[in-house]
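Engineer: Numbering (the working numbering), first residue to last: 263 to 493.
Ideal Cβ placement from N, Cα and C applies to all residues, glycine included.
Note that this is a predicted model, so its numbers are computed, not measured.
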Amino acid sequence: MELWLTSYADSGEMIRMLYYFNLHIHPVFENIIPARQENKPYALTTLSGNEVRSYYRTMSTYLSVPRQQVFNETEYFYSFFFPGGTINVITNQPLTEEQCKIMIRFALVFGLIYTRFLDLLKAEASVREAQIESALERVRARAQAMQEPEELKDVTQVFRHEMGMLGKNELETCHIYIYDEKARKSECWFALKDYSTTENKVSSYEFELELHDSWVGREMLRFYHSEAKEV
Numbered sequence: 263m264e265l266w267l268t269s270y271a272d273s274g275e276m277i278r279m280l281y282y283f284n285l286h287i288h289p290v291f292e293n294i295i296p297a298r299q300e301n302k303p304y305a306l307t308t309l310s311g312n313e314v315r316s317y318y319r320t321m322s323t324y325l326s327v328p329r330q331q332v333f334n335e336t337e338y339f340y341s342f343f344f345p346g347g348t349i350n351v352i353t354n355q356p357l358t359e360e361q362c363k364i365m366i367r368f369a370l371v372f373g374l375i376y377t378r379f380l381d382l383l384k385a386e387a388s389v390r391e392a393q394i395e396s397a398l399e400r401v402r403a404r405a406q407a408m409q410e411p412e413e414l415k416d417v418t419q420v421f422r423h424e425m426g427m428l429g430k431n432e433l434e435t436c437h438i439y440i441y442d443e444k445a446r447k448s449e450c451w452f453a454l455k456d457y458s459t460t461e462n463k464v465s466s467y468e469f470e471l472e473l474h475d476s477w478v479g480r481e482m483l484r485f486y487h488s489e490a491k492e493v
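1) Taking the alpha-carbon positions, what's the ALA405 to TRP477 distance?
2) Ignore the nearest five residues each way along the sequence and tell me which others in SER341's own chain have a CB closer than 7 Å to its CB.
3) What did DSSP end up calling ARG446 once you bin it into helix, strand or coil?
4) Note down the Cα distance separating GLU413 from TYR281, rounded to an integer number of angstroms.
5) Restricting to Cα atoms, I'd like to know which of SER488, CYS436 and LEU473 is closest to SER465.
6) Going residue by residue through the stretch 371-410, where are the continuous beta strand (DSSP E) segments of at least 3 residues, counting only ones entirely within it?
7) Taking the beta strand (DSSP E) that THR353 falls in, what are its first and last residues?
8) According to DSSP, HIS437 sits in a beta bridge with which residue or residues?
9) With H, G and I counted as helix, E and B as strand and the rest as coil, what does DSSP make of GLU506?
10) Starting from the Cα of ARG390, find the closest Cα among ILE287, MET425, ILE375 and ILE366 and give me that residue.
11) Taking all protein chains shown into account, do 16 or more other C-beta atoms lie within 10 angstroms of the C-beta of GLU335, making it buried, or fewer, making it exposed?
12) Count the C-beta pairs between the stretch 441-448 and the stretch 470-488 that are closer than 8 Å, then say yes if the count reaches three, no if not.
13) Can the beta-carbon of TYR467 be found less than 8 Å from the beta-carbon of PHE452?
14) Which residues does DSSP list as the beta-bridge partners of SER466?
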């Protein structure tokens, strides 16, 4: 379960928390499963005495909130269903039938909001994927237009520029390594930001590198000879 929790500190400050945990940590959450399978509008678990203390002791191992010193004798744990999850309410008195009806309606409306939220996530992902594909196409086009080996530095510049346009400005340098198995050496082509100018231009360089001479180089070779696609 992905739990979004809102509460108030003793100071009156609103506290928002996000946690992930297994439904089987406590019967309060386990009871959600059969109630949802039976298409009930909500699940209700009533805890009394030591059961209340046990619940909060269990939850304090998952949530970074102070352990309670004073407990209600009885607490009612309601979980009102919407398609993507539940809206949970904890009370020290049982909800009336009218209050439950209101919460059921509220959960249904929240379900519509959550569906809209998921739709927006999918739309953002689609736009993002289109941006990435366009950036890759510009890199491919420049690579395919190469006439001389020296133009590889231009490819690194385009690659670095496109990564910046995708919001990856923290990637200050783009490296392309061409490894020669026989010579056991690599040609390194790279592009990086030139902070010596106010325009923040990208500068390109090329040099030969012996990967066996350094720990980083040896790690790169180990990756190169592995079947991994990224490291």
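Structural biologist: According to the data block:
1) 31 Å
2) ILE294, TYR304, ALA305, THR348 and ASN350
3) coil
4) Roughly 50 Å separates the two Cα atoms.
5) CYS436
6) none
7) 347-353
8) DSSP lists PHE452 as the beta-bridge partner residues of HIS437.
9) Any property of residue 506 remains undetermined from this structure, which presents the chain solely from 263 to 493.
10) Its Cα nearest to that of ARG390, the residue MET425 stands out among ILE287, MET425, ILE375 and ILE366.
11) Its Cβ having fewer than 16 others within 10 Å, GLU335 is exposed.
12) Yes, the stretch 441-448 is in contact with the stretch 470-488.
13) yes
14) ALA453
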